[in-house]
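> A single structure is presented below for examination.
2 protein chains.
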Amino acid sequence: MNKNNVNKSVTMRDVADHVGVSVATVSRTLRNPEVVSPAVRDKIAAAIESLGYLPDPAARALASTRSDIIGVILPSVSNNVFADVMDGIYSAVEGTHHSVQLGYSRYAPLSEENLIRVFLRQRPAGLIVAGVDQTEAAQALLREAGCPVVQIMETGSNPYDRMIGFSHYDAARAATAHLIAQGYRRPGFLGARMDPRTQRRLHGFRDELRAHGIEEGKRIQTTTRPSSVTLGSHLLAQLMDLAPETDAIFCINDDLALGAMFEAQRRNLRIPDDLGICGFNDMEMMAAAEPSISSVRTFRREMGEGAVQLILDALSGSAAQEKVVDLGFQIIQRRSTRGR
Amino acid sequence: MNKNNVNKSVTMRDVADHVGVSVATVSRTLRNPEVVSPAVRDKIAAAIESLGYLPDPAARALASTRSDIIGVILPSVSNNVFADVMDGIYSAVEGTHHSVQLGYSRYAPLSEENLIRVFLRQRPAGLIVAGVDQTEAAQALLREAGCPVVQIMETGSNPYDRMIGFSHYDAARAATAHLIAQGYRRPGFLGARMDPRTQRRLHGFRDELRAHGIEEGKRIQTTTRPSSVTLGSHLLAQLMDLAPETDAIFCINDDLALGAMFEAQRRNLRIPDDLGICGFNDMEMMAAAEPSISSVRTFRREMGEGAVQLILDALSGSAAQEKVVDLGFQIIQRRSTRGR
DNA sequence: TTGTAAGCGTTATCAA
DNA sequence: TTGATAACGCTTACAA
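These protein sequences, in sequence, are chains Z and R. According to the working numbering, the residues represented by the first sequence are 30 to 369, in order. According to the working numbering, the residues represented by the second sequence are 30 to 369, in order.
Shown next, in the form of C-alpha cells:
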C-alpha cells in the first residue's frame with residue numbers, strides 16, 4: 030500500500046493498466062460495481078488500494094455534468110446557530126461520496142443570489158439555503174435549479190423544493206405565552222440584527238401580547254446591529270430606562286439573554302422575581318448560567334442532518350411525499366422564568 | 030443582461046461565437062487580458078456580461094492542473110474559535126477568484142491525514158491546516174504538497190511551509206504570571222478536551238508555577254471531554270472539593286471560565302477576592318459578564334485573514350522572507366482578577 | 001461482461 | 001494579436 034503518491038497523481042489509467050483492463054471498467058467498478066464481474070472487480074479494488082488511487086473530482090464533474098458537491102449558503106459564519114447546523118451537515122455528509130461547498134451571504138440577499146448563481150454553475154448534487162427571503166432572481170434560479178434544493182431554518186407553505194425547519198412566529202408566540210403564563214404582565218422584547226427571521230419572531234411576540242390584551246408600550250427594544258452578549262446588556266439598560274415597568278423579557282437569541290441577565294444583575298434586579306428572562310435557541314450555556322435561563326430549544330443539528338438527508342433521498346429517488354418537514358421547538362423552562 | 034441562464038450552461042464557446050473569435054481568445058481575456066487587443070477584449074467582456082457566462086471550475090481545474098480551491102482543514106465545526114478563524118478566511122477570500130473547501134478532522138489525526146490526501150488530489154491553490162500535530166504521513170504530504178501550505182493557530186520552528194499563530198505555551202505562562210502578579214498564591218488549572226494545543230497550555234501553566242516555586246498540589250483538573258460552559262461548572266466543583274485552598278483558576282478557554290464563574294457564584298465564592306478567574310481567547314462575552322472576566326486575547330480572525338494572504342502572496346510570487354508569523358496574544362485584565 | 005471512443009469546458013502549446 | 005488543436009481525467013453511449 031503506497032498512499033503517498035498523491036502528488037504523482039495516480040489516475041484511472043494507471044489503475045486500468047495495472048490490472049490490465051480498460052479505464053471504462055475501472056470507472057464502472059466505481060460507479061455501478063454490480064455490472065462488473067466479481068473477479069476483475071476485486072482485482073481493481075486491490076489495485077486502487079495499492080496504488081492509492083483517488084478520483085479527480087474535477088474530471089468526474091466535467092464528464093458527468095454533475096458534481097458531488099452539496100452547496101450550502103448561509104447568512105453568517107460566526108453565528109453559533111449556523112455552526113450547529115454545519116455540524117449536522119458535515120456529519121451527515123461524512124461517509125458519502127459528497128463534499129460540502131460553503132458560501133456566506135453576510136445577510137445580503139444580492140450576495141446570496143450571486144452565490145446561488147456561482148454554485149449552480151458547478152451543477153451541484155444539491156443545494157441548501159437558509160430561509161425564504163431570497164431575491165426574485167434567486168427564487169427563479171432555485172425553482173429550476175436542476176438539483177434538489179432544501180430550505181432550512183424555517184417552515185412555509187411554498188418551498189422551492191423541500192424545506193426543513195420550524196416556525197419562528199409560532200416559537201416566539203409560545204415563548205411569550207410562557208412568560209404570560211408565569212404571571213408576567215409587562216413583558217418586553219430585545220432584538221438585534223432584525224433580519225427577516227427575527228422580524229417574524231417580533232411579529233409573534235406582538236400578536237401574542239395582543240391576544241392577551243396586553244399593551245406593548247415602549248417595551249420593544251431592537252437594533253439592526255449584530256447580536257452579542259454586550260449588546261444584550263445595552264438593550265436591557267435601554268429598555269429599563271425607557272420602560273421601568275417591564276417585568277420580563279423575551280430575547281431573540283441566547284447571547285442577548287445572557288447579556289441582559291448580566292445587566293440585570295448589575296442593576297440588582299432579582300431574576301426571576303423582578304425580571305423574567307427567556308432566550309432563544311437554547312444554546313448549551315443557558316442551562317449552566319446562574320440562574321439558569323429559560324429558552325426556546327431549536328433543533329439546529331437535526332436541521333443540518335435532515336437537509337442533507339433530504340438531498341440524498343431525492344438523489345436516490347427515495348424522496349418522501351411531504352415537501353416540508355417541521356422540526357418544531359420546545360419551551361425549556363428554567364429558573365429565570367420561575368422554573369426549577 | 031440575461032443572468033438567468035445558469036442552467037442552460039453558457040460556455041466559453043457561446044461567448045466566442047457571439048463575438049466571432051476563438052475560445053482561445055476568450056480564455057486569454059480571462060487569464061491574461063494584457064495580451065489581447067483592447068477592442069476584442071471589450072467585446073468579449075460585454076458578451077460575457079450579456080450572456081451571463083460563468084466559467085466552469087471543473088473544466089478549468091482539469092485543463093490547468095490547478096484549482097482555485099483553498100483547502101482548509103480544522104479540527105472542529107462547532108468551536109467558536111474556529112468560527113472566528115473561518116470568518117477571517119472567508120473575508121480574505123472574498124473578491125478573489127478563489128473558493129474555500131472546508132474539512133473537519135474532529136480532532137482525529139488520521140481523519141486529518143485523509144482529508145489532506147483528498148484535498149491535495151484536487152490540486153488546490155493552497156492549503157490551510159491547524160497546528161503542528163499531523164501524522165508522519167500527513168507531514169510528508171504537506172512538505173511536498175506542490176502548493177502553498179499554511180499552518181495556523183501555532184508558532185513553531187519548523188513549518189512545512191508557512192505558519193501563522195501564537196505560542197500557546199507562552200500565552201499560558203503569561204496568564205499564570207498574571208494571576209500570580211495579582212497576588213494569587215494557589216492557582217489552579219481547568220482543562221477540557223486536552224488536545225495538543227491544550228496540553229501546551231497546561232505545560233506553560235506548570236512551568237510558570239515552578240518558576241515561582243509554587244506547588245501545583247491537586248489543583249489541576251482536566252478531562253478529555255469536549256469543552257462547554259456546563260463542564261466549566263463541573264470542573265470547578267471538582268477542583269474546589271479536592272483542593273479548597275485554590276484561590277484562582279486559569280481556564281483553557283472562555284466557556285470553561287464562564288461555567289466556573291457561575292459555579293463560583295452558586296458556591297457564594299466572591300470573585301475576584303475568594304477566587305480569581307482567567308479565561309482564554311477573550312471571546313466577546315468575557316467583557317459583558319458580571320463580573321467581567323479576564324482572558325488571554327488571541328487574534329483568530331487575523332489568523333484566518335493572514336493565512337489566506339500568505340497563500341495569495343506565495344501564489345503571486347510576492348511572498349515575504351519570514352516563514353513564521355507570530356501574532357502574539359494579550360492579557361486582558363478585568364474584574365475577575367482584581368482588574369477594573 | 002468488457003472495450004472503444006466521443007465528449008465534458010477549459011487551458012496552453014504552437015503556428016500563423 | 002489571434003486561431004487550431006491537443007491535452008486534462010473521467011463518464012457513458014455504443015459495439016463487441
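Beta carbons are placed, not taken as given, at the ideal position from N, Cα and C, and that holds for glycine.
Using the Cα positions of Asp-43/Z and Arg-57/R, report the straight-line distance between them to the nearest angstrom.
Within the first sequence, the letter at position 14 stands for residue 43/Z. Within the second sequence, the letter at position 28 stands for residue 57/R. Taking the straight line joining both Cα atoms gives about 32 Å.
> Could you name the residues of the same chain whose beta carbon sits closer than 7 Å to that of Leu-208/R, not counting the 5 residues immediately before and after it, in chain order?
Position 179 of the second sequence holds residue 208/R. Here the set comprises Pro-216, Ala-277, Phe-279, Gly-305, Cys-307, Thr-366.
> At the level of alpha carbons, what is the spacing between Tyr-370/Z and Phe-148/R?
Since the first residue shown for chain Z is 30 and the last is 369, residue 370/Z is missing from the structure and cannot be characterised.
> Residues of chain Z with CB under 7 Å from Gly-288/R, in chain order?
Mapped onto the second sequence, residue 288/R falls at position 259. Ala-317, listed in chain order.
> Roughly how many angstroms separate the alpha carbons of Asp-113/R and Ser-79/R, rounded to a whole number?
To locate residue 113/R, count along the second sequence from 1; it is residue 84. To locate residue 79/R, count along the second sequence from 1; it is residue 50. Taking the straight line from one Cα to the other gives about 38 Å.
> Indicate whether at least one CB of chain Z lies closer than 8 Å to the CB of Ala-90/R.
Position 61 of the second sequence, counting from 1, holds the residue named residue 90/R. So yes, Ala-90/R belongs to the interface.
> Of all the options Ile-340/R, Phe-358/R, Ser-323/R, Asp-85/R, which has the alpha carbon lying nearest to the alpha carbon of Lys-352/R?
As a working note, residue 352/R is residue 323 in the second sequence. Nearest of Ile-340/R, Phe-358/R, Ser-323/R, Asp-85/R to Lys-352/R, Cα basis: Ile-340/R.
> Is there at least one Cβ from chain Z nearer than 8 Å to Met-269/R's Cβ?
For the purposes of this step, residue 269/R is taken as the residue at position 240 of the second sequence. Chain Z contact via Cβ: absent.
> Which residues, in chain order, does the segment 63–89 of chain Z contribute to contact with chain R at a C-beta distance below 7 Å?
Cβ contacts with chain R: Leu-83, Asp-85, Pro-86, Ala-87, Ala-88.
> When burial is assigned at 16 or more other CB atoms within 10 Å of the CB, is His-241/R buried or exposed?
As a working mapping, residue 241/R is identified with position 212 in the second sequence. That one is exposed.
> Identify, in the order they occur along the chain, each residue of the same chain with its Cβ nearer than 7 Å to the Cβ of Leu-170/R, setting aside the five sequence neighbours on each side.
Sequence index remark: in the second sequence, residue 170/R carries index 141 (1-based). Ile-145, Arg-146, Leu-149.
> Tell me, which residues are paired with Gln-180/Z by DSSP?
Position 151 of the first sequence, counted from the start, is the residue given in the question as residue 180/Z. According to DSSP, which records beta bridges pairwise, Gln-180/Z is partnered with Val-158/Z, Met-192/Z.
> Residue range of the alpha helix (DSSP H) that Arg-295/Z falls in?
For the purposes of this step, residue 295/Z is taken as the residue at position 266 of the first sequence. Where Arg-295/Z is concerned, the enclosing alpha helix (DSSP H) stretches over 283–295.
> Does the CB of Phe-291/R have a neighbour CB from chain Z at under 8 Å?
The residue given as residue 291/R occupies position 262 in the second sequence. Chain Z contact via Cβ: present.
> I'd like to know if Asn-109/Z contacts chain R, where contact means its C-beta is closer than 8 Å to some C-beta of that chain.
Numbered from 1 along the first sequence, position 80 holds the residue referred to as residue 109/Z. Yes, Asn-109/Z lies at the interface with chain R (some Cβ there is under 8 Å from its Cβ).
> By the criterion of Cβ-Cβ separation under 7 Å, what are the contact partners of Asp-43/Z in chain R?
Within the first sequence, the letter at position 14 stands for residue 43/Z. The contacting residues do not exist; Asp-43/Z stays about 14 Å from chain R at best.
> In angstroms with no decimal places, state the Cα-to-Cα distance between Asp-46/R and Ser-51/Z.
Locating residue 46/R in the second sequence gives position 17, where the first residue counts as 1. Locating residue 51/Z in the first sequence gives position 22, where the first residue counts as 1. Asp-46/R and Ser-51/Z: Cα-Cα distance of roughly 36 Å.
> Going by DSSP in three states, Ile-300/Z sits in which element: helix, strand or coil?
Locating residue 300/Z in the first sequence gives position 271, where the first residue counts as 1. Ile-300/Z falls in the coil class under three-state DSSP.
> Shorter than 8 Å from the beta carbon of Arg-295/R to some beta carbon of chain Z?
The residue given as residue 295/R occupies position 266 in the second sequence. With 8 Å as the cut-off, Arg-295/R counts as an interface residue toward chain Z.
> I'd like the ranges of any alpha helix (DSSP H) spanning at least 4 consecutive residues and lying wholly in the segment 79–105 of chain Z.
The qualifying runs are 86–93.
> Identify which residue in Ala-92/R, Thr-184/R, Asn-282/R, Met-269/R has its Cα closest to the Cα of Ala-293/R.
Stepping through the second sequence from its first residue, residue 293/R is reached at position 264. Ranking Ala-92/R, Thr-184/R, Asn-282/R, Met-269/R by Cα distance to Ala-293/R puts Met-269/R first.
> For a contact defined as C-beta to C-beta under 7 Å, what are the partners of Met-115/Z on chain R?
Locating residue 115/Z in the first sequence gives position 86, where the first residue counts as 1. Chain R residues near Met-115/Z: Val-106.
> Using a beta-carbon distance cut-off of less than 7 Å, what residues from the segment 141–155 of chain R approach chain Z?
For the segment 141–155 of chain R, which is checked against every Cβ of chain Z, the residues closer than 7 Å are Arg-146, Val-147, Leu-149, Arg-150, Gln-151.
> Which runs of the beta strand (DSSP E) spanning at least 3 residues fall entirely within the segment 202–239 of chain R, listed in chain order?
Counting whole runs of 3 or more residues, the segment 202–239 of chain R contains the beta strand (DSSP E) stretches 216–220.
> State the Cα-Cα distance for the pair Thr-40/R and Ala-92/R, rounded to the nearest angstrom.
In the second sequence, counting from the first residue as 1, residue 40/R sits at position 11. In the second sequence, counting from the first residue as 1, residue 92/R sits at position 63. Cα to Cα, the separation comes out at about 15 Å.
> Secondary structure at Tyr-198/R, three-state DSSP: helix, strand or coil?
Walking along the second sequence from the start, residue 198/R turns up at place 169. It is helical.
> Report all residues from its chain with a CB closer than 6 Å to the CB of Gly-100/R; omit the five preceding and five following residues, and keep chain order.
Residue numbering aside, residue 100/R sits at position 71 when the second sequence is read from its first letter. So the qualifying residues of the chain are Gln-130, Phe-148, Pro-153, Leu-156.
> Got a sec: is the Cβ-Cβ distance from Tyr-189/Z to anything in chain R below 8 Å?
Looking up residue 189/Z in the first sequence gives position 160. Tyr-189/Z does not count as touching chain R.
> I'd like to know whether the C-beta of Gln-168/R is nearer than 8 Å to at least one C-beta of chain Z.
Taking the first residue of the second sequence as position 1, residue 168/R is located at position 139. No, Gln-168/R does not count as interfacial toward chain Z.
> If you count every other CB in all the chains shown that lies within 10 Å of the CB of His-127/R, and 16 or more means buried, which is it?
Here residue 127/R refers to the residue found at position 98 when the second sequence is read from its first residue. Classification of His-127/R: buried, given that the 10 Å Cβ count is 16 or more.
> Could you name the residues of chain Z that Val-370/R contacts, counting a contact when the two beta carbons are closer than 7 Å?
A question about residue 370/R goes unanswered here, because the residues of chain R that appear run from 30 up to 369.
> Hey, is Ala-53/Z's beta-carbon within less than 8 Å of any beta-carbon in chain R?
Position 24 of the first sequence, counting from 1, holds the residue named residue 53/Z. Judged by the 8 Å Cβ criterion, Ala-53/Z is not in contact with chain R.
> Hey, is the segment 159–170 of chain Z in contact with the segment 324–333 of chain Z, meaning 3+ C-beta pairs nearer than 8 Å?
Contact between the segment 159–170 of chain Z and the segment 324–333 of chain Z is absent, because fewer than three Cβ pairs lie under 8 Å.
> Taking the straight line between their C-alpha atoms, what separation do you get for Leu-238/Z and Glu-244/Z?
As a position in the first sequence, residue 238/Z is number 209, starting the count at 1. As a position in the first sequence, residue 244/Z is number 215, starting the count at 1. Answer to the nearest angstrom: the Cα atoms are 7 Å apart.
> I'd like to know if Tyr-213/Z contacts chain R, where contact means its C-beta is closer than 8 Å to some C-beta of that chain.
Working through the first sequence from its first residue, we reach residue 213/Z at position 184. Not an interface residue.
> Tell whether a beta-carbon distance below 8 Å holds between Gly-233/Z and Thr-205/Z.
Numbered from 1 along the first sequence, position 204 holds the residue referred to as residue 233/Z. Numbered from 1 along the first sequence, position 176 holds the residue referred to as residue 205/Z. Result yes, Cβ atoms of Gly-233/Z and Thr-205/Z sit closer than 8 Å.
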